[in-house]
Structures are given as C-alpha cells and as structure tokens.
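Engineer: Before we start, here is the structure in question, set down as structure tokens.
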Amino acid sequence: MLYDWIKALHVIAILSWMAGLLYLPRLMVYHCAAPAGSAQSETFKVMERRLLKAIMNPAMIVAWLAGLYLVWEGGWYRAGWFHAKFAAVLAMSAFHGFLSARVREFAGDANTRSARFYRFANEIPTLLMIAIVILVIVKPF
C-alpha cells in the first residue's frame, strides 16, 4: 500500500518538475527581449527565481527521493529499461542544473544567449520526458 502512495507522490512531483522545466526556458525567451535593469527584466528575474526555488527544486528533490524508494522497493535497479531511464533522469537533472545557472546569469544581467537558444533548449525536457515515459510504460528491454 505504501508503494502505491509513494508512486502517486512521485508522479505528482514529476508533473510539477516538468511544468517548471518547460516553463522556465520560455520565460527566458521573453527575458532576452527585456532591456537589462528595466522593470520588465526585474519582474522576469523574480518569476524565474521563484519558479526555480519554490517549485522546481522541491519537486525535483521529492521526485528523486520517491523514485529511489520505488526503484529499491520494486527491485527495478536490475532491469535494463531502468538503466536507460536512469540515464535520462540524470540528463534531466543536468538540464535542471543548467537552467539554475542561467537563472543566476539573468539575475546578474550577464545572459549571453539568444532567445533562439532558449527556444531550442525548451525542447530538451520534452524529448527526455518522451523517452522516460516510453521506458517506464513499455519496458522495451
């Protein structure tokens, strides 16, 4: 019974984390157009920081903790599909770290990347999510 509750918590945390991973690069696309020091730029800084600190970071931590419990309790660490999923989750976590660094750059008015860059970056979590869902549901190997 506990396993099912932890699985539900894991799914909720993943949904929250993914929402942030998809929204933050979009905010950065628009932030690129705001002149440094402008009221609009300062508003984006607050939005980006709050999204990262209040939603994304806690959601990622809960997703990891719940996921590790599920892996151990379910014995999934022996499954081939899980190893591929784990690699994709590590990549997702690295992307989260990449976005965290970009939030710090924007906060210091030091962004050097274009809106186009962030539009492309916005596709990374989508592709990783597709791979992860297929691996978890289909378990192809």
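First residue of the sequence shown: -19, per the working numbering; consecutive thereafter. All C-beta atoms in this analysis are idealised placements derived from N, C-alpha and C, irrespective of residue type, glycine included.
Let me know the beta strand (DSSP E) ranges lying completely inside the stretch -19 to 69, each 3 residues or longer, listed in chain order.
Structural biologist: As far as the stretch -19 to 69 is concerned, it has no whole beta strand (DSSP E) run of at least 3 residues.
Engineer: State buried or exposed for residue 62, treating a residue as buried only when at least 16 other CB atoms are found within 10 Å of its CB.
Structural biologist: Along the sequence shown, one-based indexing puts residue 62 at 82. By the 10 Å Cβ count, residue 62 comes out buried.
Engineer: Once the 5 residues before and after residue 89 are set aside, which same chain residues still bring their CB inside 8 Å of it?
Structural biologist: What you label residue 89 is simply residue 109 of the sequence shown in a count that begins at 1. Excluding positions up to five away in sequence, the list reads 16, 17, 21.
Engineer: For residue -5, count neighbouring C-beta atoms within 10 Å of its own C-beta (all shown protein chains included) and say buried if the count is 16 or more, exposed if not.
Structural biologist: As a working mapping, residue -5 is identified with position 15 in the sequence shown. Residue -5 is exposed by the Cβ-count criterion.
Engineer: At what residues does the alpha helix (DSSP H) containing residue 92 begin and finish?
Structural biologist: Translated into the one-based positions of the sequence shown, residue 92 becomes position 112. Note, residue 92: premise wrong, no alpha helix (DSSP H); not H, not E.
Engineer: Hey, could you find the ends of the alpha helix (DSSP H) residue 105 is sitting in?
Structural biologist: Stepping through the sequence shown from its first residue, residue 105 is reached at position 125. Element bounds for residue 105: 104 to 118.
Engineer: What does the alpha-carbon distance come out to for the pair residue 53 and residue 104?
Structural biologist: Counting from 1 along the sequence shown, the entry for residue 53 is found at position 73. Counting from 1 along the sequence shown, the entry for residue 104 is found at position 124. Distance between the alpha carbons of residue 53 and residue 104 is about 30 Å.
Engineer: Pick from 114, 24, -17, -19: whose alpha carbon is nearest that of residue 83?
Structural biologist: Walking along the sequence shown from the start, residue 83 turns up at place 103. Nearest of 114, 24, -17, -19 to residue 83, Cα basis: 24.
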